[in-house]
Ligand code: TTP
Ligand code: MG
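Residue numbers (the numbering used here): 363 to 734.
What follows is the structure, encoded as structure tokens:
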């Protein structure tokens, strides 16, 4: 088998109720209680995350704190302490680098690790995942869930299957079965809107998804359709990428019909700002430059930026700046087909954890039985 088509061993690690678990570790009085980290219920704030005890009441990330309070008036609300989260995140990453330099942090509490070749020459990826989880617990006093499989998509699905404090392995010979049984909303990459569309097409699980022809997937979901077509067949060739400096972060949308309704545009900018801010907070990134991109109905593109004095990651500031830019730049009475926001000039405080990759290539053939 050549290096290129050798079966990979990927681990996905995701901390359990991360911000809330750190709070419960540091403040024993919160343990075993419904705990919410985020904005206070009498502000317009949202839930960053909550303990598993709070989840029993239907509370989840991104829910308005006021609604969370209604669902569970006895819940404890606390503000985030990002320094403590960054510290735990740093310790986790140092553990990953003990095994491999091919580490892709996705946010403060989540990373992919390619252990196909690893620094300790351990054959079993499951064994490495066990060790990693033990070390995380030992050094941070926090639990992590991990998934092990042969690509990123399956490893991520696996890490979510036995949360909290779980380890799940999806072996190559099991993958198709797991994917067929997977509910459509659990497919990573299928958001709420796509999920709704799929359900309206009669697609409720992987088995349904697999029945849709490639042409129909492309027609309905564009480029993403190709990704969905492949992943349900267990194919995901994305590499674990060492997070090189990310240059920008953004979100844009093409409208199904061209629009000139400014209120609708602002609504989109607001929801995009919130989406971007969530990713930024989760990834520990802030930015100085905000750009709004407009594509008019005739495909003419206009993009205009504003650079702020300080680094931001707040949804409200991103939205207000984007709104000002839109109001200045939009040519009246012209319809637009696309609207987007991107943030650049980023500061990523994780940069200091990055290490130079040391690649060790050797060729070895391996059967799937030896694999895990
Ligand atoms: P997640 O890994 O999505 O959630 P979690 O770790 O709290 O819970 P789980 O056990 O289900 O993995 O996010 C990691 C942290 O990122 C989370 O603790 C808080 C933060 N976060 C936000 O601030 N806003 C959000 O909308 C989400 C989803 C997460
Ligand atoms: Mg998590």
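Here a beta-carbon is modelled for each residue, glycine too, at the ideal position from N, C-alpha and C.
- At least one heavy atom of ligand 2 lies closer than 6 Å to the C-beta of residue 380.
- Under the DSSP definition of a beta bridge, residue 544 lacks any partner.
- Secondary structure note for residue 671: its beta strand (DSSP E) is the uninterrupted segment 663-674.
- In this structure, ligand 1 has no non-hydrogen atom nearer than 6 Å to the beta-carbon of residue 641.
- Not one heavy atom of ligand 2 falls within 6 Å of the beta-carbon of residue 695.
- For residue 522, the enclosing alpha helix (DSSP H) starts and ends at 514-523.
- According to the DSSP assignment, residue 508 belongs to the beta strand (DSSP E) that extends over 506-511.
- Counting only unbroken stretches of 3 or more residues, the beta strand (DSSP E) elements lying wholly within the segment 413-453 are 438-440, in sequence order.
- Membership of residue 397 in the beta strand (DSSP E) is indicated by the continuous run 397-400.
- For residue 532, the secondary structure class from DSSP, reduced to helix, strand or coil, is coil.
- With contact defined as three or more Cβ pairs closer than 8 Å, the segment 575-587 and the segment 622-629 are not in contact.
- In the three-state scheme derived from DSSP, where H, G and I count as helix and E and B as strand, residue 684 is classed as helix.
- Cβ contact annotation for residue 643 (same chain, cutoff 8 Å, sequence separation greater than five): 410, 675, in chain order.
- Per DSSP, the unbroken beta strand (DSSP E) holding residue 619 starts and ends at 610-621.
- Here DSSP, grouped into helix, strand and coil, assigns residue 388 to helix.
- 568 is the residue among 660, 568, 631, 428 whose C-alpha sits nearest the C-alpha of residue 591.
- Taking 6 Å as the cut-off, one finds no heavy atom of ligand 2 near enough to the beta carbon of residue 522.
- Counting of Cβ neighbours within 10 angstroms places residue 518 among the buried residues, the total reaching 16 or more.
- Here residue 377 is actually not in contact with residue 537; their C-beta atoms are around 25 Å apart, not less than 8 Å.
- The alpha-carbon separation between residue 466 and residue 636 amounts to approximately 24 Å.
- In this structure, the beta-carbon distance from residue 701 to residue 647 does not fall below 7 Å.
- Sequence-distant Cβ neighbours of residue 428 in its own chain, meaning closer than 7 Å and more than five residues away, are 403.
- Annotation: the continuous beta strand (DSSP E) that includes residue 656 extends over 647-658.
- Contact check for residue 381 against residue 447 passes: the beta carbons are separated by less than 7 Å.
- Cβ-Cβ distances below 8 Å link residue 469 to 641, 644, 645, 646 in the same chain, with the five nearest sequence neighbours on each side left out; the list follows chain order.
- The residues 631, 632, 635, in chain order, have a CB closer than 7 Å to that of residue 681 in the same chain once the five nearest residues on each side in sequence are set aside.
- Of the other Cβ atoms in all chains shown, 16 or more fall within 10 Å of the Cβ of residue 544; this residue is therefore buried.
- With a beta-carbon spacing of about 5 Å, residue 488 and residue 510 fall inside the 8 Å limit used to define contacts.
- Cβ contact annotation for residue 430 (same chain, cutoff 6 Å, sequence separation greater than five): 398, 409, 421, in chain order.
- A distance criterion of 6 Å places the beta-carbon of residue 386 beyond contact range of ligand 2, judged by its closest non-hydrogen atom.
- Comparing alpha carbon positions, the residue from 502, 405, 512 closest to residue 456 is 502.
- The C-beta separation of residue 698 from residue 656 comes to about 5 Å, placing the pair in contact by the 8 Å criterion.
- One alpha carbon belongs to residue 374, the other to residue 678, and they sit about 32 Å apart.
- The beta-carbon distance between residue 691 and residue 654, rounded to whole angstroms, is 7 Å. This is short enough to meet the 8 Å contact definition.
- In this structure, DSSP gives residue 596 a state outside helix and strand, which the three-state scheme calls coil.
- Sequence-distant partners of residue 414 (beyond 5 residues in either direction) whose C-beta falls short of 7 Å from its own C-beta, in its chain, are 379, 526.
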